[in-house]
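Here is the structure we will look at, set down as structure tokens.
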Amino acid sequence: GVLSGLAKGLDPLTKAHRIQERVAGVGFDWEDHRGAWDKVAEELEEVREAMEEQNPRAVEEELGDLLFAVVNLTRLAGSHPTTALDQANRKFRERFEKLEALARDRGISLEKAGLDVLDALWEELKSAQ
Numbered sequence: 107g108v109l110s111g112l113a114k115g116l117d118p119l120t121k122a123h124r125i126q127e128r129v130a131g132v133g134f135d136w137e138d139h140r141g142a143w144d145k146v147a148e149e150l151e152e153v154r155e156a157m158e159e160q161n162p163r164a165v166e167e168e169l170g171d172l173l174f175a176v177v178n179l180t181r182l183a184g185s186h187p188t189t190a191l192d193q194a195n196r197k198f199r200e201r202f203e204k205l206e207a208l209a210r211d212r213g214i215s216l217e218k219a220g221l222d223v224l225d226a227l228w229e230e231l232k233s234a235q
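Note that the working numbering has the sequence shown beginning at 107, numbered continuously upward.
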């Protein structure tokens with residue numbers, strides 16, 4: 107079948123990407139990114155509903171579906187999910203390290219500051235870039 111022969115040791119993001127590439131190769135694909143975008147929105151709503159129901163099993167399943175849909179959107183946007191996530195991780199880490207330095211310079215304890223203060227610092231750094 108179309109999905110046979112996938113390497114077993116692939117990380118889940120790459121495996122999802124490869125699955126989607128393969129099924130796209132036989133025409134099982136969105137016409138453009140808008141279909142994938144709508145699917146992400148649908149899956150996000152299903153996650154919200156599962157969380158409101160406080161059903162951990164359903165939450166995990168819906169989160170998996172959401173991640174799968176986001177991988178597909180990423181593919182259709184012309185990127186690879188591991189590359190995009192690696193860049194996001196790096197950007198977050200760099201900004202958070204700047205947040206730590208800014209808090210230290212202002213005498214703010216991260217542990218005692220609270221989310222409102224930390225988020226304000228985050229937004230300050232974000233707008234400065």
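Ideal placement from N, C-alpha and C gives every residue a C-beta, glycine not left out.
Among Asn195, Glu149, Val108, whose alpha-carbon lies nearest the alpha-carbon of Asn178? Glu149
Reduced DSSP secondary structure (H/G/I, E/B, other) of Glu137: coil
Just the C-alpha distance for Leu169 and Ser233, rounded to the nearest angstrom, thanks. 30 Å
For Leu216 versus Ala207, is the C-beta spacing smaller than 7 Å? no
Tell me which residues share the same chain as His123 and place their Cβ nearer than 7 Å to its Cβ, disregarding the 5 neighbours each side in the sequence. Val177, Arg181, His186, Pro187
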